[in-house]
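Going down the list, the sequences are from chains X and G. Be aware that the first sequence starts at 1, since it is given in my numbering, and climbs by one per residue. Be aware that the second sequence starts at 1, since it is given in my numbering, and climbs by one per residue. Even for Gly, the Cβ is constructed at its ideal location relative to N, Cα and C. Data block below; observations after.
There are 2 protein chains.
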Amino acid sequence: MTEELNTHFGLASREHLSSIVSLLVDDQFGAGREITGDELDERYVAAFAAIEADPNNELIVAEHDGSVVGTLQITYAPNLTHKGTTRATLEGVRVASSLRSSGIGTRMLNWAIERCQSRGCRLIQLTTDLERDDAMQFYRRLGFKHTHAGLKLWL
Amino acid sequence: MTEELNTHFGLASREHLSSIVSLLVDDQFGAGREITGDELDERYVAAFAAIEADPNNELIVAEHDGSVVGTLQITYAPNLTHKGTTRATLEGVRVASSLRSSGIGTRMLNWAIERCQSRGCRLIQLTTDLERDDAMQFYRRLGFKHTHAGLKLWL
Numbered sequence: 001m002t003e004e005l006n007t008h009f010g011l012a013s014r015e016h017l018s019s020i021v022s023l024l025v026d027d028q029f030g031a032g033r034e035i036t037g038d039e040l041d042e043r044y045v046a047a048f049a050a051i052e053a054d055p056n057n058e059l060i061v062a063e064h065d066g067s068v069v070g071t072l073q074i075t076y077a078p079n080l081t082h083k084g085t086t087r088a089t090l091e092g093v094r095v096a097s098s099l100r101s102s103g104i105g106t107r108m109l110n111w112a113i114e115r116c117q118s119r120g121c122r123l124i125q126l127t128t129d130l131e132r133d134d135a136m137q138f139y140r141r142l143g144f145k146h147t148h149a150g151l152k153l154w155l
Numbered sequence: 001m002t003e004e005l006n007t008h009f010g011l012a013s014r015e016h017l018s019s020i021v022s023l024l025v026d027d028q029f030g031a032g033r034e035i036t037g038d039e040l041d042e043r044y045v046a047a048f049a050a051i052e053a054d055p056n057n058e059l060i061v062a063e064h065d066g067s068v069v070g071t072l073q074i075t076y077a078p079n080l081t082h083k084g085t086t087r088a089t090l091e092g093v094r095v096a097s098s099l100r101s102s103g104i105g106t107r108m109l110n111w112a113i114e115r116c117q118s119r120g121c122r123l124i125q126l127t128t129d130l131e132r133d134d135a136m137q138f139y140r141r142l143g144f145k146h147t148h149a150g151l152k153l154w155l
């Protein structure tokens with residue numbers, strides 16, 4: 001119960017950004033493709049500013065005992081398909097490696113799902129690397145169905 | 001060559017909406033979940049207005065000999081991951097059943113890919129139902145890689 005009280009979910013502010021980037025690095029894939037250092041790479045700063053300026057994008061943080069321990073991004077989009085359904089796409093879902101399987105990830109996702117509902121979404125979607133076996137099980141437990149292939153084209 | 005000259009790709013306007021919804025119905029999955037009729041369902045009208053009002057969403061149409069024969073939606077989103085990469089998500093990609101395998105779908109996608117590049121995207125992503133074998137081959141020919149699982153949660 002105390003642990004739950006000490007965890008807080010909310011919108012990220014600029015002060016969280018360094019910790020969020022550290023979380024992106026604290027990941028089997030992110031370690032090789034993200035950048036950390038004493039000074040935050042300006043591309044992260046620019047991306048954060050763009051997310052913050054867009055009412056259809058939200059960067060979420062989970063804080064536990066005052067530390068950033070989880071993050072995800074929600075992109076809300078109106079769509080014509082499924083009779084004009086508004087859908088949410090989740091991106092960059094990360095939990096600190098020291099807290100995986102602690103339940104914080106599940107609570108962060110359930111918080112995000114409620115937020116998507118309150119924004120009028122009827123569908124939430126995400127893609128996860130086919131090599132992330134643990135992630136697949138995690139999302140399935142939350143009720144996600146693996147009905148689609150996730151295709152990527154790098155330019 | 002004449003055929004190419006008679007095909008035009010561009011942003012959809014309100015006048016295209018009925019034809020676009022008809023394309024969504026002209027589909028193995030869409031037939032059961034979309035609505036057509038003499039009068040356009042107001043949910044499509046509302047979704048179109050929301051797409052048109054959002055600078056990070058674009059509804060695309062392909063017109064051939066003056067008829068709407070293809071459509072797709074692009075959602076542009078700033079992301080922190082991959083060093084602050086802007087990515088595009090494609091949704092609702094449809095080509096008229098009478099024109100599948102004609103090359104129009106490929107040209108529409110290549111047009112969309114160039115558009116995403118011109119908007120500064122480095123990554124384009126989409127999900128396609130695992131039962132759509134033809135679609136998977138189509139995207140693979142365009143260079144998309146099936147590296148991810150596409151997960152969906154209906155609310």
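Taking only three categories from DSSP, how would you classify residue i?
| i | result |
| --- | --- |
| Ile20 of chain X | helix |
| Leu130 of chain X | coil |
| Ile35 of chain X | coil |
| Gln137 of chain X | helix |
| Arg115 of chain G | helix |
| Leu123 of chain G | strand |
| Met1 of chain X | Caution applies to Met1 of chain X, whose pLDDT of 44 falls short of 50 and renders its modelled position unreliable; the value that the coordinates give is listed next. Coil at Met1 of chain X, not helix or strand. |
| Leu109 of chain G | helix |
| Leu151 of chain X | strand |
| Gly143 of chain X | coil |
| Gly92 of chain G | strand |
| Leu40 of chain X | coil |
| Gly103 of chain X | coil |
| Phe29 of chain G | coil |
| Ser13 of chain G | coil |
Tell me, which residues are paired with residue i by DSSP?
| i | result |
| --- | --- |
| Ala77 of chain X | X:Arg87 |
| Ser67 of chain X | X:His64 |
| Glu58 of chain X | X:Ile74 |
| Thr7 of chain X | X:His64 |
Please list, in chain order, all residues of the same chain as residue i whose beta carbon is under 7 Å from its beta carbon, the five residues on each side excluded.
| i | result |
| --- | --- |
| Leu109 of chain X | Leu142 |
| Asp65 of chain X | Asn6 |
For residue i, which residues of its own chain have a beta-carbon under 6 Å away from its beta-carbon, when the five flanking residues on both sides are left out?
| i | result |
| --- | --- |
| Ile124 of chain G | Ala88 and Cys116 |
| Glu91 of chain X | Gln73 |
| Ala135 of chain G | Thr128 |
Residues in the same chain with beta-carbon distance under 8 Å from residue i, minus the five sequence neighbours each way, listed in chain order, please.
| i | result |
| --- | --- |
| Leu11 of chain X | Glu58, Leu59, Ile60 and Val61 |
| Arg119 of chain G | Tyr76, Thr86 and Ala88 |
Can you tell me whether residue i is buried or exposed, with buried defined as 16 or more other CB within 10 angstroms of its CB?
| i | result |
| --- | --- |
| Ala47 of chain G | buried |
| Phe138 of chain X | buried |
| Pro78 of chain G | buried |
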